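Undergrad:
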Amino acid sequence: MLQQMRQGIAKVLAYGLFGILILSFALWGTTDFFGSGALQTVVAEVGDSEVSAKEIQRHYDRELNVLRQRGISREQARNLGVLENVLARTVTAKVYDQASSGLGLTVSNEQIVQDIRNQFGQVGSVQFDELLRQSGYTRNEFANMRRVEIPRIQLLESISSGVNGSRKIISNLYRWRTEERSARVFSVAAANTKIPSPSEADLAQYHRENKTQFTAPEYRAVTFVHVDPVSVGKTIKFTDAELKKVYQDRLSEFIEPEKRTLLQILVESQEAADKAYDLLMKGSDFLTVAKNIANQDAKATKFGIVAQTDLPTSLADKVFALEKNKFSKPIDDAFGKRIFMVTDVVAERARSFVSVKETLALDLRRDQAVEDVVRLANKLEDELGKGSSMESAASVIGILPTKIVAIDLAGRDLSDKPIKDLPSKPFTATIFNTSVGQDSFLTETATGGFFVVRVDSITKSSLRPLVSVKRQVRDAWISRKRQGIARANATELVKQIDDGADIASVAKKSRAKVISIGPMTRSAQVENIPPGLISKVFGLKSKDKATFSVTKNGYMVAVLTEIKVADGQSNKQQTDAVQDSVKSGMVSEILAQLQQAIRAELKVSVNQNALKQYFNRGDNPGYGGNAPRY
Numbered sequence: 000m001l002q003q004m005r006q007g008i009a010k011v012l013a014y015g016l017f018g019i020l021i022l023s024f025a026l027w028g029t030t031d032f033f034g035s036g037a038l039q040t041v042v043a044e045v046g047d048s049e050v051s052a053k054e055i056q057r058h059y060d061r062e063l064n065v066l067r068q069r070g071i072s073r074e075q076a077r078n079l080g081v082l083e084n085v086l087a088r089t090v091t092a093k094v095y096d097q098a099s100s101g102l103g104l105t106v107s108n109e110q111i112v113q114d115i116r117n118q119f120g121q122v123g124s125v126q127f128d129e130l131l132r133q134s135g136y137t138r139n140e141f142a143n144m145r146r147v148e149i150p151r152i153q154l155l156e157s158i159s160s161g162v163n164g165s166r167k168i169i170s171n172l173y174r175w176r177t178e179e180r181s182a183r184v185f186s187v188a189a190a191n192t193k194i195p196s197p198s199e200a201d202l203a204q205y206h207r208e209n210k211t212q213f214t215a216p217e218y219r220a221v222t223f224v225h226v227d228p229v230s231v232g233k234t235i236k237f238t239d240a241e242l243k244k245v246y247q248d249r250l251s252e253f254i255e256p257e258k259r260t261l262l263q264i265l266v267e268s269q270e271a272a273d274k275a276y277d278l279l280m281k282g283s284d285f286l287t288v289a290k291n292i293a294n295q296d297a298k299a300t301k302f303g304i305v306a307q308t309d310l311p312t313s314l315a316d317k318v319f320a321l322e323k324n325k326f327s328k329p330i331d332d333a334f335g336k337r338i339f340m341v342t343d344v345v346a347e348r349a350r351s352f353v354s355v356k357e358t359l360a361l362d363l364r365r366d367q368a369v370e371d372v373v374r375l376a377n378k379l380e381d382e383l384g385k386g387s388s389m390e391s392a393a394s395v396i397g398i399l400p401t402k403i404v405a406i407d408l409a410g411r412d413l414s415d416k417p418i419k420d421l422p423s424k425p426f427t428a429t430i431f432n433t434s435v436g437q438d439s440f441l442t443e444t445a446t447g448g449f450f451v452v453r454v455d456s457i458t459k460s461s462l463r464p465l466v467s468v469k470r471q472v473r474d475a476w477i478s479r480k481r482q483g484i485a486r487a488n489a490t491e492l493v494k495q496i497d498d499g500a501d502i503a504s505v506a507k508k509s510r511a512k513v514i515s516i517g518p519m520t521r522s523a524q525v526e527n528i529p530p531g532l533i534s535k536v537f538g539l540k541s542k543d544k545a546t547f548s549v550t551k552n553g554y555m556v557a558v559l560t561e562i563k564v565a566d567g568q569s570n571k572q573q574t575d576a577v578q579d580s581v582k583s584g585m586v587s588e589i590l591a592q593l594q595q596a597i598r599a600e601l602k603v604s605v606n607q608n609a610l611k612q613y614f615n616r617g618d619n620p621g622y623g624g625n626a627p628r629y
């Protein structure tokens with residue numbers, strides 16, 4: 000019951016605060032209307048309503064709890080902008096609250112009580128209070144929250160309920176989405192075209208006109224320290240005695256249940272089942288009966304090796320009551336009538352210590368590595384906080400700094416090859432958000448490690464000299480020439496087909512193979528067919544007309560062969576889906592306009608400085624002195 004209630008309250012919270020607020024609400028600048036002195040606890044104003052830092056923190060904490068269950072750390076959530084999104088959604092909610100208040104929408108105590116009953120049913124007072132406590136609410140807090148949210152929901156539902164697209168629009172859109180076309184296609188390869196070698200002037204001109212193609216990215220030289228769980232874990236060793244103790248503590252995890260090897264005879268009729276059972280009772284061989292009565296060979300008669308939990312209860316209870324080399328009476332199930340025979344029984348047993356030793360060591364090593372990584376990362380941060388250089392701080396924790404001569408934003412070196420063994424995200428992003436000569440903040444990686452990086456120098460993005468990229472320029476020049484000739488050929492072939500030429504004869508001249516595609520809709524993805532060509536096929540006005548589209552190796556020509564249009568009413572499920580899609584789009588547009596109109600009348604101010612100041616406090620409640628940094 001408590002679990003059901005927990006799920007219920009989660010749904011209420013999601014619907015009331017987040018689920019209904021589907022529109023984004025940009026963070027609009029940094030108006031410093033509170034000054035820059037003492038700690039600021041109000042982070043936004045919406046008309047006469049204030050948004051406090053405490054309120055944002057409450058919502059933020061709840062969102063972090065959800066994200067933790069999905070394996071997302073606080074650092075990752077911070078990098079994803081969760082705090083800013085929570086603020087945006089909260090401010091948006093305040094905007095709608097102002098609108099519902101202006102319309103006089105209120106909720107009585109009786110409505111609140113009925114709302115709770117509708118959501119949670121007739122539950123006990125103690126259970127309800129425990130659920131609220133686990134969710135961070137008192138009764139009054141939860142009731143007040145719903146008192147605010149219900150009018151907001153009523154407002155938004157009243158807007159959406161009256162929105163419907165016309166039947167003509169729905170019908171036309173349905174036909175457009177479900178229209179099917181077929182075509183015949185062939186390729187016009189660019190690679191088959193012979194091109195004379197370009198002159199030096201040709202190369203110089205191509206290099207000059209296509210600078211972006213030959214411009215080197217910005218490179219940075221960096222020094223970093225990475226506290227890596229994998230590396231730390233490799234240094235952790237356990238004795239057999241330590242592992243055996245853990246083995247005994249976790250022995251229940253390594254129990255293998257009793258397993259049985261089964262044969263079966265499967266027939267459809269009760270008459271056949273009774274005949275088979277009668278023969279078995281008279282001493283006939285199981286495999287022989289299976290062959291003669293059920294027409295089963297030895298392979299089909301083998302059911303396999305199963306544990307009791309592998310079978311439905313209706314079968315398991317009867318099969319696991321049999322002794323070895325005994326057979327069951329006919330058993331009814333969804334597939335017919337079965338007779339089972341037990342040919343072997345392997346009793347319940349525990350896996351040996353030797354067989355699970357490596358698994359145990361891996362588990363313990365992983366757990367210990369997590370603890371050691373956090374300890375080392377904290378020590379590293381302490382040393383850096385004292386003013387120590389990165390090199391000195393690294394020596395204290397016994398990790399050597401790593402130097403990279405040049406790295407781009409994609410994690411590649413000067414030869415455009417991926418640099419190996421880099422910390423995971425957000426390593427490269429952090430590098431390119433750090434100034435020269437500065438250390439980054441200690442940052443958590445996506446794989447549970449930590450790093451700090453210093454940018455030693457920056458090599459700005461620049462055009463590579465022609466002499467250093469001459470081969471690439473030559474290849475690109477030739478490729479473009481070939482592509483241009485292929486396009487001209489495809490254009491001429493399309494014209495011939497449109498003038499009445501047969502596609503097979505046209506393709507033969509190009510030594511191309513014709514294949515058929517379709518029937519397909521506009522959204523179809525056809526293997527080896529460029530999406531652009533499908534779109535162009537649906538742009539043709541009539542059958543037997545041709546078009547073409549670019550591919551990796553040239554162009555592809557298509558001839559429309561069939562058009563199939565639905566009547567717009569034949570599939571109610573699909574038409575209803577189209578109507579829902581149209582309605583959703585219209586509602587979103589109306590809500591966006593409503594929000595703009597409300598904001599035009601209200602003064603909406605967001606104080607980013609106040610938000611940063613509050614969440615950067617070392618004593619910030621709920622953050623263990625490790626609040627988000629900006």
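Read in order, the letters of the sequence shown are residues 0 to 629 in numbering that gives the first Met the number 0.
We put the beta carbon where it would ideally sit given N, CA and C, even for glycine.
All values derive from a computational prediction rather than experimental measurement.
1. Among K508, A489, G397, K258, which has the Cα closest to the Cα of V224?
2. Who are the Cβ neighbours of P256 in its own chain at under 8 Å, not counting the five residues just before and after it?
3. Go ahead and label G553 buried or exposed: buried means 16 or more other beta carbons lie within 10 angstroms of its beta carbon, across all protein chains shown.
4. What first and last residue would you give for the alpha helix (DSSP H) that runs through F223?
5. Please name the residue in K540, Q524, S548, V466 whose C-alpha comes closest to that of A485.
6. Where does R88 fall in DSSP's three states?
7. In the structure shown, what three-state DSSP assignment does E648 receive?
8. Could you tell me whether the region 73-85 touches the region 54-64, where touching means 3 or more Cβ pairs closer than 8 Å?
9. Going by the beta-carbon positions, is the gap between I514 and V288 smaller than 7 Å?
10. Would you report the Cα separation of A489 and K508, rounded to the nearest angstrom?
11. Nearest CA to the CA of S423: which residue from T444, I406, D277, V45?
12. With H, G and I counted as helix, E and B as strand and the rest as coil, what does DSSP make of F302?
13. Is the beta carbon of K210 sitting closer than 7 Å to the one on L462?
14. Does DSSP put R510 in a helix, in a strand, or in coil?
15. Given 8 Å as the limit, is there contact between the region 108-116 and the region 139-149, that is, 3 or more CB pairs closer than that?
16. Which one or two residues does DSSP pair with Q263 in a beta bridge?
17. Let me make sure I understand the geometry here. Which of D371, E491, I562 has the alpha-carbon closest to that of D543?
18. Please classify G384: does DSSP put it in a helix, a strand, or coil?
19. For the beta strand (DSSP E) that I330 lies in, which residues bound it at each end?
20. Alpha carbons only, please: which of Q367, K611, A591, T300 is nearest the one belonging to T260?
21. Can you tell me whether K402 is helix, strand or coil according to DSSP?
22. In whole angstroms, what separates the C-alpha of K611 from that of V50?
23. Would you decide whether L16 is buried or exposed? Buried here means 16 or more other CB atoms lie within 10 Å of its CB.
24. Over what stretch of residues does the beta strand (DSSP E) that includes L202 continue unbroken?
25. Looking only at DSSP bridge pairs, what is E49 linked to?
26. Given that a residue counts as buried once 16 or more other Cβ atoms are within 10 Å of its Cβ, and exposed if not, what is D332?
27. What does S456 pair with, by DSSP beta-bridge criteria?
28. Using 8 Å as the cut-off, can you tell me whether the region 450-461 makes contact with the region 214-228, which would need three or more C-beta pairs spanning the two stretches below that distance?
29. Which residue from D296, I254, V318 puts its Cα closest to that of V355?
30. Per DSSP, which one or two residues make a beta bridge with Y554?
31. Any Cβ of chain B within less than 7 Å of the Cβ of Q113?
32. Do M555 and L532 have their C-beta atoms within less than 7 Å of each other?
33. Can you have a look at A320 and say buried or exposed, based on whether 16 or more other CB atoms are within 10 angstroms of its CB?
34. Alpha carbon to alpha carbon, what distance is there between G499 and K535?
35. Thinking just about the alpha-carbon of each residue, which of Q212, E588, I528, S522 is nearest to the one in E179?
36. From T550 to Q482, what does the alpha carbon distance come to, in whole angstroms?
TA: In short, the structure shows the following:
1. Checked all of K508, A489, G397, K258; the closest Cα to V224 is G397.
2. The beta carbon of P256 lies closer than 8 Å to those of A306, Q307, T308, E347 in the same chain, with the five residues before and after it left out.
3. Buried.
4. Taken as a continuous stretch (DSSP letters only), F223 belongs to no alpha helix (DSSP H), being part of the beta strand (DSSP E) at 218-226.
5. Scanning K540, Q524, S548, V466 for the CA closest to the CA of A485 turns up S548.
6. helix
7. Any property of residue 648 remains undetermined from this structure, which presents the chain solely from 0 to 629.
8. Contact holds: three or more Cβ-Cβ distances are below 8 Å.
9. no
10. 12 Å
11. T444
12. strand
13. yes
14. coil
15. yes
16. F339
17. Taking D543 as reference, the option from D371, E491, I562 with the minimal CA-CA separation is I562.
18. Three-state DSSP puts G384 in a helix.
19. Judged by DSSP secondary structure, I330 falls within the beta strand (DSSP E) whose first and last residues are 330-332.
20. T300
21. K402: strand per DSSP, three-state reduction.
22. In this structure, the straight-line span from the alpha carbon of K611 to that of V50 is close to 14 Å.
23. Summary for L16: the model assigns pLDDT 31, below 50, so the residue's position carries little reliability, and this model does not support an answer.
24. For L202, no beta strand (DSSP E) segment is defined; the enclosing uninterrupted segment is the alpha helix (DSSP H) at 199-208.
25. DSSP lists E44 as partners of E49.
26. exposed
27. Partner(s): A220.
28. yes
29. I254
30. V187, V549
31. Of the protein chains in the structure, only one exists, and it is not chain B.
32. yes
33. exposed
34. 19 Å
35. S522
36. Annotation: T550 to Q482 spans about 10 Å, alpha carbon to alpha carbon.
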